[in-house]
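Engineer: The structure under discussion is supplied below as structure tokens; questions concerning it will follow.
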Amino acid sequence: MDDRHMQIGEVATRTELSLRTIRHYEETGLVTPSARSQGGFRLYTETDVARLMVIRRMKPLGFTLEQMRDLLDATDRLDGNDALDGTEREFLLGRVREFEQAATEQVGKLRVQLARAEDFAAILRTRLDQNTHVVRKG
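Going left to right, the sequence shown walks through residues 2 to 139 as the numbering used here numbers them.
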């Protein structure tokens, strides 16, 4: 990936996360800036941004910080340069599969909630339309 460094403000804009949230993820050990400027500013790479995007995508699905850490650890180890034996690789792939299944299940639940919300909004629109077209006698 790109070796270019970005300051936290640019990363916040790119990820649509607040500065506070990015700092919180650093404090909890989920994302560590790749470098610091001479003035002590956090500097991030595209790899760091990609990591934050994984976290951002997991959050609305209800994953905990610990679960995020677990998935990131598994993917880091799978993507790392360390040689993995077959057993360890299968274990890590199994963990990622569990997360994929949990995400798919949560997406299904969210689709049901969205359909219900859309139905409710449609009912309200219909009610408004009916009441705006009624000619009042008086």
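Positions of the beta carbon are idealized from the N, C-alpha and C atoms, including for glycine.
Would you kindly work out how many angstroms separate the C-alpha atoms of Glu89 and Glu106, rounded to a whole number?
Structural biologist: Cα to Cα, the separation comes out at about 26 Å.
Engineer: Quick check on Gln102: does DSSP put it in helix, strand or coil?
Structural biologist: helix
Engineer: Which term fits Phe92, buried or exposed, when burial requires 16 or more other beta carbons within 10 angstroms of its beta carbon?
Structural biologist: exposed
Engineer: Where does the unbroken alpha helix (DSSP H) through Leu1 begin, and where does it stop?
Structural biologist: Residue 1 falls outside the range modelled here, since the chain spans only 2 to 139, and no answer is possible.
Engineer: Got a sec? Which residues, its chain only, sit under 6 Å from Met59 by beta carbon, not counting five neighbours each side?
Structural biologist: Met69
Engineer: Smallest Cα separation from Ser38: which of Val113, Ala13, Thr46?
Structural biologist: Thr46
Engineer: Going by DSSP in three states, Met2 sits in which element: helix, strand or coil?
Structural biologist: Bear in mind that a pLDDT of 48 at Met2, under 50, signals an unreliable position, so the number given afterwards is only what the model happens to contain. Met2 falls in the coil class under three-state DSSP.
Engineer: Would you identify the three-state DSSP class for Leu44, choosing helix, strand or coil?
Structural biologist: strand
Engineer: Around the Cβ of Asp80, are there at least 16 other Cβ atoms within 10 angstroms (buried) or fewer (exposed)?
Structural biologist: Exposed: under 16 other Cβ atoms inside 10 Å.
Engineer: How is Gln107 classed by DSSP in three states: helix, strand or coil?
Structural biologist: helix
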